[in-house]
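Take a look at the structure below.
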Amino acid sequence: MAIFNFQKASLSPAPFARGYREENPLIRRILIALSLIFTLLILVMPLLVVISQAFGTGWDNFWKAVTNIFTLKALYLSLITTFSAVTANTVFGLAAAWALSRYNFKGQGFLITMIDLPFAISPIIAGLIFILTYGRLGWMNSFLQEHQIKIVFATPGLIMATIFVTIPFVARELIPVLVARGSDEEQAAVLMGAGFLTIFWRVTLPHIKWALIYSVILCAARAMGEFGAVSVVSGHLRGKTNTLPLHIEILYNEHHYNDAFAVSAILVITSVVILTARSVVEHISKREERSNVR
Amino acid sequence: MSRKKRVIPGFSLTLGITMSYVGFFVMLPMISMALQTANLSFKEIIDSATDARVLSSYKVSFGCSFLAALINSVFGTMLAWVIVRYRFLGRSLIDGLIELPFALPTAVAGIALTFLTTNKGWIGQPLSRLGVSIAYTKLGIIVALVFITLPFVVRSIQPILEDLSPDYEEAGRTLGAGSFTIFWKIIFPEIKPALLTGFALAFARGLGEYGSVIFIAGNKPFQTEIAPLMIVTRLEEFLYGQATAVALFMLLASFIIMFIVNRVQIRVARLVGD
Chain A
5 MAIFNFQKAS LSPAPFARGY REENPLIRRI LIALSLIFTL LILVMPLLVV ISQAFGTGWD
65 NFWKAVTNIF TLKALYLSLI TTFSAVTANT VFGLAAAWAL SRYNFKGQGF LITMIDLPFA
125 ISPIIAGLIF ILTYGRLGWM NSFLQEHQIK IVFATPGLIM ATIFVTIPFV ARELIPVLVA
185 RGSDEEQAAV LMGAGFLTIF WRVTLPHIKW ALIYSVILCA ARAMGEFGAV SVVSGHLRGK
245 TNTLPLHIEI LYNEHHYNDA FAVSAILVIT SVVILTARSV VEHISKREER SNVR
Chain B
15 MSRKKRVIPG FSLTLGITMS YVGFFVMLPM ISMALQTANL SFKEIIDSAT DARVLSSYKV
75 SFGCSFLAAL INSVFGTMLA WVIVRYRFLG RSLIDGLIEL PFALPTAVAG IALTFLTTNK
135 GWIGQPLSRL GVSIAYTKLG IIVALVFITL PFVVRSIQPI LEDLSPDYEE AGRTLGAGSF
195 TIFWKIIFPE IKPALLTGFA LAFARGLGEY GSVIFIAGNK PFQTEIAPLM IVTRLEEFLY
255 GQATAVALFM LLASFIIMFI VNRVQIRVAR LVGD
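Protein sequence lines, in the order shown, are assigned to chains A and B.
Here the first sequence is numbered in the working numbering, starting from 5 and rising by one per residue.
Here the second sequence is numbered in the working numbering, starting from 15 and rising by one per residue.
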């Protein structure tokens, strides 16, 4: 991570790793030891406990828990919710980043605040506002009932709550990248007669490719794991509105601990894969950046 | 940003998508909440938001989030420093795992941390012999929040440390300053704004966190009940008005924190710009 900044590294004769011999080696050792212990206790142990509990009663029990019909239904619902939310937020994120970085208009600050809002408020409140909008007491209730549209306690509600919670991910990652690049290349493309789609596809997208992939990965992770907001709008209908995290809660509260951890193991493996993918993307993008500088 | 307005095509398309999306998914629900609040009398709101059980849940939420953010300020700074400045075995492991709390579903984190810290758990058992219990106490809530909010502080400070030239420290060292003096006089002032941002983000996230906390907290009324759980409890009792009142109070707290973060960031941007 630290040595990625090629431009800087090439300018300064003493790279970070070498310039620090003079520092007190004792302090250095203590800090490294403390960091390793802290990481082990806070980050590694929870992963290990999930894996050990998941396989604690043997592979057969793990497999039974994972292939249980309710687990599979929850997995299916989680995948649908995640896929819909991530797709919607990616399209939105691209549009928002384009609009906010390529033009000046009134209310830009307000729009950014609105995009940031979901980060600042509790997922529980996110769930609550959807209940208040589309639920029994909401002002849309009579309309929704008339047309037999179910949002709260049904899949659309889960998707909308997940979208709300993950709105900032893609937009917030792309806006600074596009602002930093400036719009000179796009303006040149306009002068040469390129249309919107051509400019986006040929000029803008190649530059934001890695930031986009990176943010989509994080967005998917958050969408898959969302608990609070989804819990409020789901109504806890087993087999109908239970996503994987909610299914884990039910198993845990019913004291089926090994089953709960078996299902958790799926999500732990997913999140480790996501973290690895994130590192790989970061690595590739840094290397590309470096070769561009050259 | 371009000063020439709208040379680039796509203005109405992209802005149209952005506005309708934000309008539908963010503003519409927020306005609905405001409308629901308008149905309540002022006294009702105040009464529901300051009920004794609710008040004690604020105390738990604010206290535990604050302490967790404080703990992470110390350890997060240390981790960021170690990741940026040292090369050692396990460094990339630490760097790669920092974002685990973002990637791991909070419910999984919740049950895993609970299992670790009960009196029979790997960490809880040795501690229980010393008379310390973590799971089902406020300490448990703090542990869960430390886990959840760790990335905020580390990732706020890390880029600042990466850009910080070691020349100043070397100059300080040449002039005979000790490691602690160098930290307090040279490094700390540089990372202070980022640390404040990280602290505030961690604090705000801690206030709203639900998934991981409810498993480890035990949720005893007046002792280990957090404010978001009070909203859920009121909803389950079908007391929508009371739930909304508590939510309003929490929203207000989040907005104040967000406002402070923005202020700090604007000040930092100005400093960097100069």
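In this text, a Cβ means the ideal position worked out from N, Cα and C, and glycines have one as well.
For residue j and residue i, the rounded distance between their alpha carbons
i, j, result
"ILE270 of chain B", "LEU121 of chain A", "12 Å"
"ILE133 of chain A", "PRO43 of chain B", "5 Å"
"ILE41 of chain A", "ILE119 of chain A", "37 Å"
"SER179 of chain B", "ILE200 of chain B", "11 Å"
"ILE240 of chain B", "THR86 of chain A", "28 Å"
"TRP95 of chain B", "ASN72 of chain A", "46 Å"
"THR208 of chain A", "CYS223 of chain A", "21 Å"
"SER75 of chain B", "TYR138 of chain A", "29 Å"
"MET228 of chain A", "ALA117 of chain B", "9 Å"
"LEU98 of chain A", "GLY62 of chain A", "46 Å"
"PRO249 of chain A", "PRO119 of chain B", "7 Å"
"VAL21 of chain B", "VAL194 of chain A", "7 Å"
"ARG226 of chain A", "GLY154 of chain B", "23 Å"
"PHE236 of chain B", "LYS73 of chain B", "9 Å"
"THR94 of chain A", "GLU190 of chain A", "21 Å"
"ALA208 of chain B", "ALA82 of chain B", "17 Å"
"ILE274 of chain B", "ILE129 of chain A", "21 Å"
"GLU292 of chain A", "GLU177 of chain A", "18 Å"
"PRO50 of chain A", "PHE109 of chain A", "47 Å"
"THR238 of chain B", "ARG67 of chain B", "11 Å"
"LYS213 of chain A", "THR247 of chain B", "44 Å"
"HIS260 of chain A", "LEU54 of chain B", "42 Å"
"SER289 of chain A", "SER268 of chain B", "35 Å"
"LEU69 of chain B", "MET264 of chain B", "12 Å"
Whole-Å CB distance - residue i paired with residue j, under 8 Å assumed
i, j, result
"ALA269 of chain A", "VAL54 of chain A", "6 Å"
"HIS251 of chain A", "ALA78 of chain A", "4 Å"
"PHE217 of chain B", "SER71 of chain B", "The pair is not a contact, with the Cβ atoms about 16 Å apart (cut-off 8 Å)."
"LEU279 of chain A", "LEU114 of chain B", "6 Å"
"ALA124 of chain A", "ALA175 of chain A", "With 8 Å as the limit, ALA124 of chain A and ALA175 of chain A do not qualify as a contact, their Cβ atoms being about 15 Å apart."
"LEU30 of chain A", "MET92 of chain B", "That belief does not hold up - the Cβ atoms of LEU30 of chain A and MET92 of chain B are roughly 15 Å apart, past 8 Å."
Reference residue i, options the options, closest by Cα
i, options, result
"THR274 of chain A", "A:SER82, A:THR202 and A:THR170", "A:SER82"
"ILE46 of chain A", "B:GLY90, B:ALA231, B:PHE263 and B:LEU221", "B:GLY90"
"SER126 of chain A", "B:ILE245, B:LEU249 and B:VAL278", "B:ILE245"
"ILE179 of chain A", "B:SER142, B:ARG105 and B:THR32", "B:THR32"
"ARG101 of chain B", "A:PRO50, A:GLU177 and A:ARG33", "A:ARG33"
"PHE157 of chain A", "A:ASP64, A:ASN246 and A:PHE123", "A:ASN246"
"ILE59 of chain B", "B:ASN276, B:TYR254, B:ARG281 and B:ARG277", "B:TYR254"
"SER106 of chain B", "A:PHE147, A:LEU52, A:HIS260 and A:THR43", "A:THR43"
"SER46 of chain B", "A:GLY131, A:THR117, A:LEU136 and A:ILE203", "A:LEU136"
"LEU38 of chain A", "B:GLN50, B:ARG187, B:VAL88 and B:VAL68", "B:VAL88"
"ALA52 of chain B", "A:TRP143, A:GLN112 and A:LEU104", "A:TRP143"
"GLU253 of chain A", "A:PRO29, A:PHE74 and A:GLY60", "A:PHE74"
"ASP177 of chain B", "B:VAL40, B:GLY77, B:ALA231 and B:ARG99", "B:ARG99"
"VAL36 of chain B", "A:GLN152, A:LEU35, A:PHE96 and A:LEU30", "A:PHE96"
"ILE84 of chain A", "A:SER289, A:LYS244, A:LEU30 and A:ILE116", "A:LYS244"
"VAL277 of chain A", "B:GLY110, B:LEU84 and B:LEU29", "B:GLY110"
Residues of its chain near residue i, where Cβ-Cβ distance is below 6 Å and the 5 sequence neighbours each way are ignored
i, result
"PHE229 of chain B", "GLY124, ILE125 and THR128"
"ILE112 of chain B", "PRO165 and VAL168"
"ALA266 of chain A", "ALA58, PHE66, ALA69 and VAL70"
"ILE155 of chain A", "TYR138 and GLY161"
"VAL227 of chain B", "ILE155, ALA158 and ILE240"
"ALA92 of chain A", "ILE167"
"SER170 of chain B", "ALA208, THR211 and GLY212"
"ALA103 of chain A", "none"
"PHE173 of chain A", "SER219, LEU222 and CYS223"
Contacts around residue i, its chain only, beta-carbon distance under 7 Å, and the 5 residues preceding and following it disregarded
i, result
"TYR256 of chain A", "ALA264"
"VAL284 of chain A", "none"
"PRO23 of chain B", "none"
"TRP136 of chain B", "LEU130"
"ARG185 of chain A", "HIS211"
"VAL278 of chain B", "PRO207, LEU210 and THR211"
"ILE116 of chain A", "LEU104"
"PHE174 of chain B", "Sequence check: residue 174 of chain B is Ile here, not Phe. These residues qualify, in order along the chain: GLU204, ILE205 and ALA208."
Chain-order list of residues whose beta-carbon lies under 8 Å from that of residue i (same chain, five-residue window excluded)
i, result
"ARG282 of chain A", "TYR218, ILE221 and LEU222"
"ARG106 of chain A", "LEU182, SER187 and GLU190"
"THR159 of chain A", "LEU81, ILE84, THR85 and THR245"
Worksheet item: Would you call the region 121-129 of chain B and the region 153-171 of chain B in contact, with 3 or more CB pairs under 8 Å?
Response: yes
Worksheet item: Taking three-plus beta-carbon pairs below 8 Å as touching, is the region 55-64 of chain B in contact with the region 249-260 of chain B?
Response: The region 55-64 of chain B is in contact with the region 249-260 of chain B.
Discussion item. Within 8 Å, do at least three Cβ pairs link the region 154-172 of chain A to the region 226-235 of chain A?
Written reply: Under the three-pair Cβ rule at 8 Å, the region 226-235 of chain A counts as touching the region 154-172 of chain A.
Worksheet item: Does the count of Cβ pairs from the region 220-229 of chain B and the region 195-211 of chain B closer than 8 Å reach three?
Response: no
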